[in-house]
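Structure first, then comments.
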Amino acid sequence: MPSRTTVALVAIVTVMIVFMMAYSVYQAYTITSARVEPLPPAPYPPVNVTIDVQGMGQQVESVYSHVIGSIAMVSCISKTTVTTLFGPTQSYEEVIGSGFFVNYSGKLYLVTNYHVVDGAIQVAVTLMNGSSYPAIVVGTDPYSDLAVLSVNATLNVTPLELANSNNLKIGETVIAVGSPYGLAGSLTVGEVSQLGRSIQESTVTGYPIADLIQTSAPINPGNSGGPLLDLNGDVVGVNTAIISQSQGIGFAIPSNTVARELPYLVKYGSYDLHPWLGVQIVGLDYFSAKALNLPVTYGVEVVSVLPNSPAAKAGLIGSNGTVYYYGMGVPSGGDVIIAINGTPVTGTDALTSYMEANVLPGQTVVFTVVRDGHIIDVPVVVGARPPPSGQ
Numbered sequence: 038m039p040s041r042t043t044v045a046l047v048a049i050v051t052v053m054i055v056f057m058m059a060y061s062v063y064q065a066y067t068i069t070s071a072r073v074e075p076l077p078p079a080p081y082p083p084v085n086v087t088i089d090v091q092g093m094g095q096q097v098e099s100v101y102s103h104v105i106g107s108i109a110m111v112s113c114i115s116k117t118t119v120t121t122l123f124g125p126t127q128s129y130e131e132v133i134g135s136g137f138f139v140n141y142s143g144k145l146y147l148v149t150n151y152h153v154v155d156g157a158i159q160v161a162v163t164l165m166n167g168s169s170y171p172a173i174v175v176g177t178d179p180y181s182d183l184a185v186l187s188v189n190a191t192l193n194v195t196p197l198e199l200a201n202s203n204n205l206k207i208g209e210t211v212i213a214v215g216s217p218y219g220l221a222g223s224l225t226v227g228e229v230s231q232l233g234r235s236i237q238e239s240t241v242t243g244y245p246i247a248d249l250i251q252t253s254a255p256i257n258p259g260n261s262g263g264p265l266l267d268l269n270g271d272v273v274g275v276n277t278a279i280i281s282q283s284q285g286i287g288f289a290i291p292s293n294t295v296a297r298e299l300p301y302l303v304k305y306g307s308y309d310l311h312p313w314l315g316v317q318i319v320g321l322d323y324f325s326a327k328a329l330n331l332p333v334t335y336g337v338e339v340v341s342v343l344p345n346s347p348a349a350k351a352g353l354i355g356s357n358g359t360v361y362y363y364g365m366g367v368p369s370g371g372d373v374i375i376a377i378n379g380t381p382v383t384g385t386d387a388l389t390s391y392m393e394a395n396v397l398p399g400q401t402v403v404f405t406v407v408r409d410g411h412i413i414d415v416p417v418v419v420g421a422r423p424p425p426s427g428q
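Residue numbering for the sequence shown follows the numbering used here, beginning at 38 and increasing consecutively.
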């Protein structure tokens, strides 16, 4: 049987252990409390984004009701000739597109895409009420993929207004109306995804269609030539193309291009004021800039210069060799254009879009280029682009 002394010692030790455990818990709580401090107030108030879906739907519905009578389906019969073992064989096919009416000098004209009417021997326009009328092609511009038609009938149609496409903002809501796959009067809604894009169309080999609007509004075959509208119901663009097998990547010709060319297409049947330099260019990226040991990682390199072209007369230099960067060949020795009239040239889209939107033949532009490691300015008197082959 333990003695009283032993029992007392055990009691004292037990009390000490309990006290130490309690103190440890208190210390842990104190340290934790000291470390977990309340967060300081945010430097900026939170942004509350409210989307009025019902209100947006009503606005789109109002725009559609306002514009639908001014939009038409364009039907064309095109003839193609194919050479076979038995000689030339002709075939015919129907092409469907879209268009919209505008006013010029008090007369109605229908705007559509060049590639819709290219090669057409018969053209008809069908309004949304089902009435169809013959039409003639008044003017075309393959370089901008634009065409203007005249309808041989007295129409009770309200022309659409052309907005100033320079006022478009990325993220702005836009509406596409047209006849995809012949489904007349179809509406889709999206946003302006980007501005100043360039794409290559098969109808005009060698030259891109520049200064385009990129939109997420779904565009399909048959939408070509239809209007891209803002929420006021005004035309900001002409739907023209998509990237095949993509989703939500469509392109439209800016309304300012239509406004600039319309008088020429109506009066003369063509537009010949596209600027021309006579160069082949390629855009730079980080790897090609490293390969060329450039002081910048943006711009476009001049790969070749046509003899007697505006670029050749100004002394622009094309590449004369190739350097390799991890096995990738990069043209070398050519001038690298990094600015035009003081505006940075970030790539091929930037250069072609600036030229198309701001420069006319006969005007002088100043290119800032990197040549042999030095940055210099080269003035160039811009020429007029030669007509497309076969025209």
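We put the CB at the ideal spot given by N, CA and C, even for glycine. A quick note: this is a predicted structure, and the numbers were derived from the prediction, not measured.
- Residue state for Pro217 is assigned as helix, using DSSP reduced to three classes.
- Counting the other CB atoms within 10 Å of its CB gives Ile318 a total of 16 or more, which places it among the buried residues.
- Judged by DSSP in its simplified three-state form, Phe324 adopts helix.
- Out of His103, Val100 and Thr195, the CA that lies nearest to the CA of Lys144 is found in Thr195.
- Rounded to whole angstroms, the Cβ separation of Gly366 and Thr359 is 5 Å, and the two are in contact under 8 Å.
- In terms of Cα proximity to Gly336, the closest of Asn193, Thr380 and Asn345 is Thr380.
- The C-beta distance from Ala247 to Ser230 rounds to 17 Å, too long to meet the 8 Å contact threshold.
- The Cβ atoms of Thr405 and Val417 do not sit closer than 9 Å to each other.
- Per DSSP, the unbroken beta strand (DSSP E) holding Thr121 starts and ends at Ile108 to Thr121.
- Around the beta carbon of Ile173, fewer than 16 other beta carbons lie within 10 angstroms, which makes this residue exposed.
- About 18 Å separates the CB atoms of Ile250 and Val97; that is not less than 8 Å, and the two are not in contact.
- By the C-beta density criterion, Pro291 is buried, having at least 16 other C-beta atoms within 10 angstroms.
- Non-local beta-carbon contacts of Tyr323 in its own chain, meaning distances under 7 Å to residues more than five positions away in sequence, involve Thr334 in chain order.
- Per the DSSP secondary-structure output, Asn189 pairs with nothing in a beta bridge.
- For Asn293, the enclosing alpha helix (DSSP H) starts and ends at Ser292 to Tyr305.
- Shown here, Leu197 sits in coil according to DSSP, grouped into three states, outside any helix or strand.
- For Lys350, no pairing in a beta bridge is given by DSSP.
- Taking the Cα positions, Val148 is about 21 Å away from Gln237.
- With distances taken between CA atoms, Glu393 lies nearest to Gly233 out of Leu199, Gly233 and Thr210.
- One Cα belongs to Gly371, the other to Val407, and the distance between them is close to 9 Å.
- The beta carbons of Gly262 and Val275 sit closer together than 9 Å.
- Glu338 places its beta carbon 9 Å or farther from that of Ile377.
- DSSP places Met365 inside the beta strand (DSSP E), whose first and last residues are Met365 to Ser369.
- The Cβ neighbour count for Leu299, taken over all protein chains shown within 10 Å, is at least 16; the residue is labelled buried.
- For the 9 Å CB-CB criterion, Ser99 and Gly222 do not form a contact.
- Taking one beta carbon from each stretch, the region 114 to 125 and the region 167 to 184 have fewer than 3 pairs nearer than 8 Å; the two do not touch.
- Leu388 sits in a helix when the DSSP states are folded into three classes.
- Take the alpha-carbon of Ala289 and the one of Thr277: they are about 5 Å apart.
- Distance from Gly92 to Ala109 at the Cβ level is roughly 30 Å; contact not present, criterion being Cβ atoms closer than 8 Å.
- By the neighbour-count criterion, in which 16 or more other beta carbons inside 10 Å mark a residue as buried, Thr191 falls on the exposed side.
- When only Cα atoms are considered, Tyr146 and Cys113 end up about 17 Å apart.
- Assigned with DSSP and collapsed to three states, Gly285 falls in coil, not helix or strand.
- Rounded to whole angstroms, the separation of the alpha carbons of Pro368 and Gly355 is 9 Å.
- With a contact defined as Cβ atoms closer than 8 Å, Val185 and Leu302 qualify at about 4 Å.
- Less than 9 Å separates the beta-carbon of Gly420 from that of Pro347.
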